[in-house]
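Student:
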Amino acid sequence: MNRNWIIIFTVLAIFSIKDAFFINGHTKGADSAEDFAEFDDESAKHDKYSKQANDEFDPDDDVEIRAPTGREGVGQPLHVPLNAPPLKFAYCVSCGYKQAFDQFSQIVTEKFPGINIEGGNYPPTTMKALAAQFLSIAKMVLIVSLIFNRNPFEAVGMQTPGFFVWMTQNKVSACMMLFLFSNSIEGMLMSTGAFEIYLGDELIWSKLESGRIPAPTELIQAIESHLELSGAKLASGTFGIDSD
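Residue 1012 is where the sequence shown starts when you use my numbering, and the numbers rise one by one after that.
Here it is in structure tokens:
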């Protein structure tokens, strides 16, 4: 076999294996816009986390963390107790939301020293994940068959389709097109657009529901409210408890 083919096959195999195993699953919680309703202002015209209140936001827009305005949420750090539930982020890795997670982690850590922060990929549906895996395997089978001059259709008793005949006559172009096209489809299948935030097992923000990510002040207020309702005592001068 030509040495160039060996190099091409090795590179394609490495990228395919990376695509297949890079994204790990993350436990998915219940997605409900009503989870935050009890913290909203009842006098407000609309629930700020409802579909109606967020029609102007495009779910496909890039994640942008808005800087806090005014003095709200900029007070003293709040020291959470040791038994406080962890803050979990489940986001779309293939969408490039890892950077947004890192920025939020820094903001939350500065405001809540000692809080445990976890992050991971928000998995697609089972059908989409299986379809992406099948496509990845089919891609590798076709590429290997082209490189080693094998016909997988004859092996299973099927008539050789025209597209495979063309691929055998244009191996380099076919392998590159197959690799790029299949990777694009796999990325679409694995993409969820999610940026979900949980405190313990309770969902406190859902980008899938609201169409956007929270501002830093919104997230801080949500964490404070949920910790207070859970009975956690926050050590801060703003609560009348002076921290040492």
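Even for Gly, the Cβ is constructed at its ideal location relative to N, Cα and C.
Since we're looking at a predicted model, the values are computed, not measured.
In the structure shown, what three-state DSSP assignment does residue 1217 receive?
Tutor: Locating residue 1217 in the sequence shown gives position 206, counting from the first residue. If DSSP states are grouped into helix, strand and coil, residue 1217 belongs with the strands.
Student: Excluding sequence positions up to five away, which residues of its chain have a Cβ less than 7 Å from the Cβ of residue 1202?
Tutor: Numbered from 1 along the sequence shown, position 191 holds the residue referred to as residue 1202. Contacts found: 1103, 1105, 1106.
Student: For residue 1208 and residue 1100, which I take to be in contact (beta-carbon distance under 8 Å), what is that distance rounded to the nearest angstrom?
Tutor: Locating residue 1208 in the sequence shown gives position 197, where the first residue counts as 1. Locating residue 1100 in the sequence shown gives position 89, where the first residue counts as 1. About 6 Å separates the two Cβ atoms, so the contact holds.
Student: Could you tell me the alpha carbon to alpha carbon distance between residue 1094 and residue 1189, rounded to whole angstroms?
Tutor: Residue numbering aside, residue 1094 sits at position 83 when the sequence shown is read from its first letter. Residue numbering aside, residue 1189 sits at position 178 when the sequence shown is read from its first letter. For residue 1094 and residue 1189, the distance between alpha carbons rounds to 51 Å.
Student: Could you tell me whether the segment 1125 to 1140 touches the segment 1158 to 1168, where touching means 3 or more Cβ pairs closer than 8 Å?
Tutor: no
Student: Sort out for me which residues DSSP pairs residue 1130 with in a bridge.
Tutor: Your numbering for residue 1130 matches position 119 in the sequence shown. Answer is 1100.
Student: Hey, residue 1191 and residue 1142: beta-carbon distance below 7 Å or not?
Tutor: For the purposes of this step, residue 1191 is identified with residue 180 of the sequence shown, where counting begins at 1. For the purposes of this step, residue 1142 is identified with residue 131 of the sequence shown, where counting begins at 1. Not in contact: residue 1191 and residue 1142 (Cβ atoms no closer than 7 Å).
Student: Below 8 Å CB to CB, which residues in the same chain sit around residue 1042 once its five sequence neighbours on both sides are set aside?
Tutor: Translated into positions along the sequence shown, residue 1042 becomes position 31. Caution is warranted here: a pLDDT of 39 is assigned to residue 1042, below 50, making its placement in the model unreliable, and the coordinate value is therefore given only provisionally. So the qualifying residues of the chain are 1207, 1214, 1217, 1219, 1220.
Student: Taking buried to mean at least 16 other C-beta atoms within 10 Å of its own C-beta, is residue 1241 buried or exposed?
Tutor: For the purposes of this step, residue 1241 is identified with residue 230 of the sequence shown, where counting begins at 1. Classification for residue 1241: exposed.
Student: Do residue 1146 and residue 1193 have their CB atoms nearer than 7 Å?
Tutor: Translated into the one-based positions of the sequence shown, residue 1146 becomes position 135. Translated into the one-based positions of the sequence shown, residue 1193 becomes position 182. Yes; because the gap between Cβ atoms is below 7 Å, this pair is in contact.
Student: Leaving out five residues before and five after residue 1091 in sequence, what residues of the same chain have Cβ atoms less than 6 Å from its Cβ?
Tutor: Counted from its first residue, the sequence shown places residue 1091 at position 80. Around residue 1091, the same chain offers 1123, 1125, 1126 as residues with beta carbons nearer than 6 Å, after the five sequence neighbours per side are excluded.
Student: Measure the beta-carbon distance from residue 1210 to residue 1098 and round it to whole angstroms, keeping in mind my assumption that it falls under 8 Å.
Tutor: To locate residue 1210, count along the sequence shown from 1; it is residue 199. To locate residue 1098, count along the sequence shown from 1; it is residue 87. Confirmed, Cβ separation roughly 6 Å.
Student: Could you spell out where the alpha helix (DSSP H) holding residue 1190 opens and where it closes?
Tutor: Looking up residue 1190 in the sequence shown gives position 179. Taken as a continuous stretch (DSSP letters only), the alpha helix (DSSP H) holding residue 1190 covers 1182 to 1201.
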